[in-house]
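First the structure, in the form of structure tokens, and then the observations on it.
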Amino acid sequence: MCRGIVESDANSGGTGISSSINSGIVYLFTSTYVLIIIGAVFWYYRSRSYVKDQESKRKIKKRVASLVD
């Protein structure tokens, strides 16, 4: 039934429900990729800061070890 309504609206040249459904499909399609990209960027910057923290901790341990020796 829904398919018939959309097809008849599209064939008659209407811009009602068929364009709304198409917009909704495009929205759902793009929102998935946008969320994946945001998650990837967040993960990337988080992992960079983790590596920097580990490097600074390693430098501090090295300095302390050189003072003890």
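Number 48 in the working numbering belongs to position 44 of the sequence shown; there are no gaps in the numbering.
Where is the CB? At the ideal position from N, CA and C, for every residue including glycine.
Legend entry - Straight-line gap, Q3 to Y48 (C-alpha atoms, nearest Å): Here the chain has residues from 5 to 73 only, and residue 3 is not among them.
Legend entry - Whole-angstrom distance between G43 and S12, CA atom to CA atom: For this step, residue 12 is matched to residue 8 along the sequence shown. For this step, residue 43 is matched to residue 39 along the sequence shown. Across the structure, S12 and G43 are spaced so that their CA atoms are roughly 40 Å apart.
Legend entry - Distance between Y54 and I40 (C-alpha atoms, nearest Å): Along the sequence shown, one-based indexing puts residue 40 at 36. Along the sequence shown, one-based indexing puts residue 54 at 50. Using only the alpha carbons, I get a separation of about 21 Å.
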